[in-house]
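Residue numbers (the working numbering): 28 to 502.
Just so it is clear, CB atoms sit at the ideal spot from N, CA and C, and this is done for glycine as well.
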Amino acid sequence: MFSPRNYEEEDDESLWPRFLLPNVGDTEDIERYALGGFHPVHLGDTYDDGRYRIVHKLGAGGFSTIWLARDESEKKWVALKIVVAEHSTPIGDKSLLSRRAASNFSSELTFVAEHRRFTIEGPNGRHLCFVLPVFGPSSSRLSSGFTSRLKPWLSRRASYQATKAVAGLYAQGLCHGDVTTANILFTLLDIDRLGETEIYSLFGSPVTAVLETESGEATGPEAPRYIVKTLDFLSSKSNIISNDVRLIDFDQCFPISSPPEKMLGTPVEFLAPEVAVGLPASPGSDAWALGCCIFRLRSGEGPFSNYEVTSPGDLMRIIIQTIGDMPLEWQDTLWDYDGQPTKDPSKGKRLEKWEGERSLKDLVYKIWDQPEGDVVQTGTTWPEHKVWDDDNKPFPSCFSNMVWKPTATKVDNVYLFGYDDESDALLEAMPKIAELEAALLYDLLSKIFVYDPKRRPTADEILNHPWFYMDGQLD
């Protein structure tokens, strides 16, 4: 039998992969199926004395897996968010803040907290489980490079509602601390009218892949027998995704008056620069993250996203390239080998900047949009390239007012595809964001992306920006 690894007490040898990567697309970090890590879940499992039965997988993050479950008591669909064991206590404490805010929040339109909670005793420890409403895909799924793009009107609407949720938290004296596109979810239209058979009819039966170890030994009880592929809401022939979003996940939530001493666990590309250099988070940090979300929702890319950006140090390098050098008082910050800020002179050195410059204005004005009929004609003959799977098939027509698929778009004789010099040339032929909208969006983002968090607009001030009101489709 395979010996489980202690996730809480790693050594160098434990950093080697234990499992073969299953072919189910993006999924949870399978190496975290260990003591202190994820709880192993299988389809059909029941929890809380049989009340909740697992039917499908909705997603996963760094600290939890999320499952579609049937509430056999109330005969409705719920989402079970099962937190990794080592973070279950601190996350549980922090979620009390969101429950407090929810109880005082005047509208449920943009904000959500859990219905209830319980604990699960498993081979990897005790896990906190939140019972949540079922939501649709994340905005990061619907606005993701060549994979999927939101229609412009919907990007503005989703950005507005997410900002409104952050403003509501501030009114309760709270910072969200983890404002990312992965935490901005679209709601669903009356999912409780669907039975289990109809769920499978809409989205297909769950796809699974056996979890195998690198050594060839059988997995132990700490890991599931198989990994479940995340449900794809865009695979349905009938659209049950609404035009509204909710802000979720309050694992990093904190009172404005007492910011955390440790760096936020937010994905690096959404970290504000002051947080990246080791200073406390604040409402200004949430405003910066909102700016990153707004740009991602409209363009499909993060303003500071890059395959080379893997640490706070890398983030500062690309921010410097984009908005100029950091304040003098930050320039003596030391960075360790992993790109983390440190006060230990024996473990760190000053930041080595990347060469070259990026222009925020250029990034905005070069946002490319959907061509009419998904075709661009320039008269150029391009080399053919291999099309993988169904990449060139558009989304079902029921989603045509919400999203579009760049890889289903043709420039002359060639479908758009990944990132290289040839695809860059293809993108040059794509229609660009309208001049008026580009000017408004740049005006908004240039106010947000400044080093001094006190100079950034508040969430309420962001809500009043004219970029949101170009088409009136807000809430």
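Throw me the rounded Cβ distance for the residue i and residue j pair, which I believe falls under 8 Å.
i	j	result
R183	M497	6 Å
P421	D389	No, P421 and D389 are not in contact; Cβ-Cβ is about 29 Å, not under 8 Å.
A465	V391	5 Å
T257	G52	7 Å
C320	A189	6 Å
P372	L355	That pair is no contact at about 19 Å.
F230	S262	6 Å
E249	Y60	6 Å
N419	T408	18 Å between Cβ atoms; not a contact.
G445	E328	With 8 Å as the limit, G445 and E328 do not qualify as a contact, their Cβ atoms being about 13 Å apart.
R323	S170	6 Å
Have a look at residue i and residue j and give me their C-alpha separation to the nearest angstrom.
i	j	result
L298	A316	6 Å
W43	W357	36 Å
D278	D205	8 Å
I347	D365	19 Å
Q397	L468	18 Å
S133	K191	Unreliable placement is indicated for S133, whose pLDDT of 46 sits below 50; the coordinate value is still reported in the next sentence. So the alpha carbons of these two residues sit roughly 12 Å apart.
F65	F495	39 Å
S309	I489	16 Å
P150	V68	11 Å
S473	L387	8 Å
L136	G311	Note that L136 scores 48 on pLDDT, short of 50, meaning its location in the model is unreliable; the coordinates nonetheless yield the value given after this. If I take the Cα positions, the gap works out to 23 Å.
V111	E58	12 Å
N440	E455	15 Å
S228	S338	42 Å
E244	T92	25 Å
T485	A314	7 Å
P179	G71	40 Å
E239	T54	15 Å
G305	L201	20 Å
E296	R344	12 Å
P160	L342	34 Å
A185	G247	43 Å
G88	H492	32 Å
E301	F162	32 Å
I460	R325	9 Å
D352	A452	31 Å
S427	G375	51 Å
D359	A303	14 Å
Y197	R482	17 Å
Q199	I283	9 Å
L62	M457	49 Å
M290	F281	12 Å
T207	L274	9 Å
E382	Y478	20 Å
F145	D276	17 Å
A194	Y187	10 Å
L177	S332	18 Å
S399	D271	Position check: residue 399 holds Glu in this sequence, whereas Ser was assumed. For E399 and D271, the distance between alpha carbons rounds to 26 Å.
E536	L47	With the chain covering 28 to 502 only, the question about residue 536 has no answer from this structure.
D75	R252	22 Å
D417	K437	14 Å
Can you tell me where the alpha helix (DSSP H) with residue i in it begins and where it stops?
i	result
A96	Where A96 is concerned, there is no enclosing alpha helix (DSSP H), although the beta strand (DSSP E) it sits in stretches over S91 to D98.
D470	E462 to I475
L85	That residue, L85, is in no alpha helix (DSSP H); its beta strand (DSSP E) goes Y79 to A87.
V193	P179 to A198
V302	P300 to A303
L169	S166 to L169
S228	E223 to F230
A316	P310 to S326
D576	As displayed, the chain neither begins before 28 nor continues past 502, which places residue 576 out of reach and without an answer.
L155	L155 -> not in any alpha helix (DSSP H); beta strand (DSSP E) instead, spanning G152 to L159.
A209	Careful: A209 lies outside any alpha helix (DSSP H) and carries neither H nor E.
A486	A486 to L490
How is the beta strand (DSSP E) around residue i delimited, first residue to last?
i	result
E148	R143 to G149
S106	The sequence given here places Ala at residue 106; Ser does not occur at that position. Start and end: K103 to V110.
I254	Y253 to V255
T246	That residue, T246, is in no beta strand (DSSP E); it is neither H nor E in DSSP.
T235	T235 to V237
> Taking three-plus beta-carbon pairs below 8 Å as touching, is the region 211-231 in contact with the region 160-167?
Replying inline: yes
> Unbroken alpha helix (DSSP H) runs of length 4 or more, entirely within the region 376-457: which are they?
Replying inline: 387-392 and 448-455
>> Under 8 Å, with one C-beta from each stretch per pair, do the region 78-95 and the region 244-260 reach the 3-pair mark?
In response: yes
> Would you call the region 70-80 and the region 95-102 in contact, with 3 or more CB pairs under 8 Å?
Replying inline: yes
> Of all the alpha helix (DSSP H) runs that stay within the bounds of the region 330-383, which reach a length of 4 or more residues?
Replying inline: 339-350
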